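Asker: Using our numbering, read the sequence shown as starting at 221 and increasing by one per residue.
Glycine included, every Cβ here is placed at the ideal spot set by N, Cα and C.
Note that the structure is predicted; figures quoted are calculated from it, not measured.
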Amino acid sequence: MSEKKSCMHDFLQDLLQKLPGEEQNLIRYRYYDNLTQVETAKRMGISQVQVSRLEKKTLGKLRSRAGV
């Protein structure tokens with residue numbers, strides 16, 4: 221891994237660790253495990269609509285903290 225990628229990876233990991241557990245799980249399921257919103261909802265015990273709303277909120281939070 222290049223130095224720049226390593227730095228970005230560390231930055232992202234730091235941002236993710238600051239999220240509440242439910243939001244960390246959502247990001248892991250959706251973007252690391254590549255699950256659909258429906259599959260994620262089943263794992264989390266919530267509806268697909270709730271996953272969609274939580275995902276939007278969480279990504280906004282990450283963008284804001286990253287300064288994007």
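1) Can Ala292 and Val271 be called in contact, C-beta distance under 7 Å?
2) Could you give the DSSP three-state label for Glu255: helix, strand or coil?
3) Are the CB atoms of Gln244 and Leu236 nearer to each other than 7 Å?
4) Can you tell me which of Thr278, Arg283, Val288 and Ser284 puts its alpha carbon nearest to the alpha carbon of Pro240?
5) Which stretch, first to last residue, makes up the alpha helix (DSSP H) that contains Val271?
Answerer: Looking at the coordinates:
1) Past the edges of the chain, shown from 221 to 288, lies residue 292, and the structure says nothing about it.
2) Contrary to the premise, residue 255 reads as Leu rather than Glu in this sequence. If DSSP states are grouped into helix, strand and coil, Leu255 belongs with coil.
3) yes
4) Thr278
5) Note, Val271: alpha helix (DSSP H), Gln268 to Ala286.
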